[in-house]
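There are 2 protein chains.
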Amino acid sequence: MGNRTTLRSVAEAAGVSTATVSYAFNRPDRLSGEMRSRILAVARELGYPGPDAAARSLRTGRANAIGVIFTTELTYAFSDPYVLALLGGLAETLAHSRTSLVLIPFAPVIAGLSDVEVRESLDAVHRAVIDGAVADGLTDDHPAVRALSDRSLPLVRSSDTAAGRCVLIDDRQAGREIGRHLADLGHREVAVVVSSPREPGCPIPPAEEAALHPYSRHRLAGIREALPAGSRVPVVSGGRNADAAGRIAATAILAAPDRPTAIAADSDVLAATAVEVATAQGLRVGHELSITGFDDVPLAASTGLTTIRQPIHEKGRLMARMLLDPDNTPDRVTLPIELVARSSTGPVPSHRLHGGT
Amino acid sequence: MGNRTTLRSVAEAAGVSTATVSYAFNRPDRLSGEMRSRILAVARELGYPGPDAAARSLRTGRANAIGVIFTTELTYAFSDPYVLALLGGLAETLAHSRTSLVLIPFAPVIAGLSDVEVRESLDAVHRAVIDGAVADGLTDDHPAVRALSDRSLPLVRSSDTAAGRCVLIDDRQAGREIGRHLADLGHREVAVVVSSPREPGCPIPPAEEAALHPYSRHRLAGIREALPAGSRVPVVSGGRNADAAGRIAATAILAAPDRPTAIAADSDVLAATAVEVATAQGLRVGHELSITGFDDVPLAASTGLTTIRQPIHEKGRLMARMLLDPDNTPDRVTLPIELVARSSTGPVPSHRLHGGT
DNA sequence: TGCATCATGTTAAACGATTAACATGAGGAG
DNA sequence: CTCCTCATGTTAATCGTTTAACATGATGCA
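Protein chains in written order, with my numbering: chain A, 30 to 386; chain B, 30 to 386.
Written out as structure tokens, the structure reads:
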């Protein structure tokens, strides 16, 4: 003893070839029932736990697992309702096909790291034994995404991509709907809060808008498009989407001398903290200040947020299916969105109405 | 081409041995800088994505990943605040050591399945390429747990276990604190809602109490111990801990002719739905009916639940550390708990006071 | 009887890497 | 000049399976 029991030791003990033992575990029909049960008996006796997972993966080229990477750091991920809904959707599809979900940690921010450091921070991405992966919110040129596609793993993304599979929403259209909703209510000054690696609360100059996440960029474009010409639409960093950062961003926006009449946030979480901050400052949200969110997670309903609903759960289910069964699923799907108007938006107060129009 | 590029193809292209290429990727210090960069250049040129994950796992015996299994079905897991807190704790520790988190799906209920079916439903558990695993809320004799320990994988459990590592709370003591709290308020009729595979709302006869989850059993024992002799403490199934099931259980309890004065639930989620149901029925929770939860997840605070606080996040962190660094961590830890009294409990209404005492 | 078919095992070649143990030549020390 | 050390590569064994292709004897069928 001391040595681990393997397929071979079982084969020797049973006086058969390793192939036979392998068949006993994997292809019952290739063996006589008698032989099979004899082998399983010997295996049990030796305490053989069944074929080794890593060896099997190597040999068959299948891991029965798919990976997930997202913008949020893994630690925060579990408190981000959007991510949770997505994971729930993924899990639902995966459970049916006995496939594990591998959450891969990595440093989302890689600005200013050396080549070696980047490679190191991507270690887990390289070592993950998976058959494919879902990348949410990361662009094609993100090192983690690149690492995965270099491994020539099937990949499904949630952002638009030249080549490869993706599940999208029309972010620009979403932006337009938000913009139109606000425009109809008379808003001409809308601060847009986007998630960004920059300090929360800090204004993002037009020159830097190109560096934003594509989805933020598209939503922003949509909002501007739908607002009347001459509207003021400053962009503010909401940090990395965490509560604390959102609070800072909201505070900064409200502290400005030319406070906007509306805030359009990139996520419901961000919007909800804005509501909180505004309320704490005595502002009546939906009256003195309008706020919109994005995603329509459960929090949005309980906060009374006007928001864009997207079928996140369905998105997850679909992404998983696209990985598991590429032949029977489309390469690219655009999911429907819908504006849900609630109490967090309302007409601009009369004293802030613009002269024109 | 057509064939995948491997360590070998890179070696051939570079005119060196495979060992050298391997060193180039794994042990920079064993090679001259010149040689190393030449190899990496060749690798890049061939589009070699680095050593194959499965092969590496097989050869080194390390997967850089740990598995997680819990009672909740994977799909529901992402809406269970307890699980989320635990996962958050795990992720926090893992992120620092570049270890992935593998969520393994399996059918939690295995009653009435044939041997083959059980083995099949455990497929993902067998195939997961991991270095160890966390099992939350499952007993030692659960097939999934057994499968993992048969694989002789390091295991950390959250329930008491004869041999092996675990992170616990003193469930019995927790039960006592709940019991004492309710007793002090005059309660003598306390329905206990436990998660169980049985139909939600159905009463669990004393004979079946032995089959409950150990933690439920211990809490129940604690509650009974702390209530005055002669108290009535019926046990009711809360199903599998989902919202809908909780609603049914609460409804059943409140519909009974001899409605209890208090409900002690096994989780905050269950308790919160009970609050909801009771409120909808016009009962003032904390007055006509007292309700206690368990865990003190965020939901508990916002619902005003009296509950037992346990450091779930810390539990997760600790479990991960115990797996990653077994030599510098204890085999068994008991975490502190604390009763948090909020508005969901209050004195028994006078018309329901018992004669004695 | 003769031949194709079938059920049941076996042989042996991968799968793609890691890593002791061993060469080899250069440089330093005495 | 000799011996030792050190840096840098190489050789070759091994990790534990899976599976195509091949044997072999029994069975079915004309």
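Ideal Cβ placement from N, Cα and C applies to all residues, glycine included.
Asked	Found
Could you check if A:Arg127 is buried or exposed, using at least 16 other CB atoms within 10 Å of its CB as the buried criterion?	buried
Quick one: is B:Glu254 buried, meaning 16 or more other Cβ sit within 10 Å of its Cβ, or exposed?	exposed
Please classify A:Glu102: is it buried, with 16 or more other beta-carbons within 10 angstroms of its beta-carbon, or exposed?	buried
Ignoring anything shorter than 4 residues or poking outside the segment 161 to 200 of chain A, list the alpha helix (DSSP H) runs there in chain order.	172 to 179
Roughly how far, in whole angstroms, is the beta-carbon of B:Ile133 from the beta-carbon of B:Ile98, given that I think they are within contact range, below 8 Å?	5 Å
Identify the residues that DSSP records as bridge partners of B:Gly117: which are they?	According to DSSP, B:Gly117 bridges with nothing at all.
Nearest by alpha-carbon distance to A:Thr403: which of A:Asp354, A:Arg269 and A:His210 is it?	With chain A running from 30 to 386 in the structure shown, residue 403 of chain A is simply not present.
Residues in its own chain within less than 7 Å of A:Thr302 by CB, not counting five upstream and five downstream?	Asp272, Gly275, Arg276 and Ala279
Identify each residue in the segment 144 to 156 of chain A for which the Cβ-Cβ distance to at least one residue of chain B is less than 7 Å, and report them in chain order.	Asp152, Ala153, His155 and Arg156
Assign B:Val154 to one of three DSSP states: helix, strand, or coil.	helix
Does A:Thr100 come within less than 8 Å of chain B when only Cβ atoms are used?	no
Count Cβ pairs between the segment 113 to 130 of chain A and the segment 342 to 359 of chain A that sit closer than 8 Å; are there 3 or more?	yes
For A:Gly230 and A:Leu312, I'd like the C-alpha separation in whole angstroms.	19 Å
Using a C-beta to C-beta distance shorter than 7 Å, which residues of chain B count as neighbours of A:Asn55?	Under the 7 Å cutoff, chain B gives no residues; its nearest Cβ is about 11 Å from A:Asn55.
State buried or exposed for B:Pro289, treating a residue as buried only when at least 16 other CB atoms are found within 10 Å of its CB.	buried
Report the residues of the segment 306 to 339 of chain A with a CB closer than 7 Å to any CB of chain B, ordered along the chain.	none
Identify the continuous beta strand (DSSP E) that holds B:Leu132 and give its terminal residues.	Ser129 to Leu132
Tell me, please, whether the CB atom of A:Leu353 is closer than 8 Å to any CB atom in chain B?	no
Would you say A:Ile133 reaches chain B, if we count a Cβ-Cβ gap shorter than 8 Å as a contact?	yes
According to DSSP, is B:Val147 part of a helix, a strand, or is it coil?	helix
Taking the alpha helix (DSSP H) that B:Arg67 belongs to, which residues open and close that run?	Gly62 to Leu75
State the DSSP-derived secondary structure class of A:Ala236, mapped to helix, strand or coil.	helix
Assuming A:Ile159 and A:Ala92 make a contact with CB atoms under 8 Å, what is their CB distance in whole Å?	5 Å
Determine the closest residue to A:Thr35 out of A:Gly76, A:Asp325, A:Asn55 and A:Asp58, with distance taken between C-alpha atoms.	A:Gly76
Just the C-alpha distance for B:Gly141 and B:Glu238, rounded to the nearest angstrom, thanks.	20 Å
Spatial neighbours of B:Arg361 within its chain, please: CB distance less than 6 Å, with the 5 preceding and 5 following residues excluded, ordered by chain position.	Cys195
Quick check on A:Glu287: buried or exposed, where buried means 16 or more other Cβ atoms within 10 Å of its Cβ?	Reading the sequence as shown, one finds Asp at residue 287 of chain A and not Glu. The residue in question, A:Asp287, is exposed, as its Cβ has fewer than 16 Cβ neighbours within 10 Å.
Would the beta-carbon of A:Ala162 fall within 8 Å of that of A:Leu182?	yes
Please tell me whether B:Ile292 and B:Ala220 are closer than 8 Å, where the distance is taken between their beta carbons.	yes
Return the Cβ separation of A:Asp297 and A:Gly267 in integer angstroms, given the expectation that the two are a contact with Cβ distance under 8 Å.	At roughly 12 Å, the Cβ-Cβ gap does not stay under 8 Å, so A:Asp297 and A:Gly267 are not in contact.
Identify whether A:Val45 lies in helix, strand or coil by the three-state DSSP scheme.	coil
Whose CA, out of B:Val154, B:Val264, B:Gly315 and B:Asp109, lies closest to the CA of B:Ala176?	B:Val154
Taking C-beta to C-beta, are A:Thr47 and A:Ile198 nearer than 8 Å?	no
Should B:Thr363 be counted as a contact of the ligand PLP given a C-beta to heavy atom distance under 7 Å?	Of ligands this structure carries none, so the ligand PLP is not represented either.
Where do the ends of the alpha helix (DSSP H) carrying A:Thr290 lie?	Segment: none, A:Thr290 is in no alpha helix (DSSP H) and carries neither H nor E.
A:Ser86 CB to nearest chain B CB: under 8 Å?	yes
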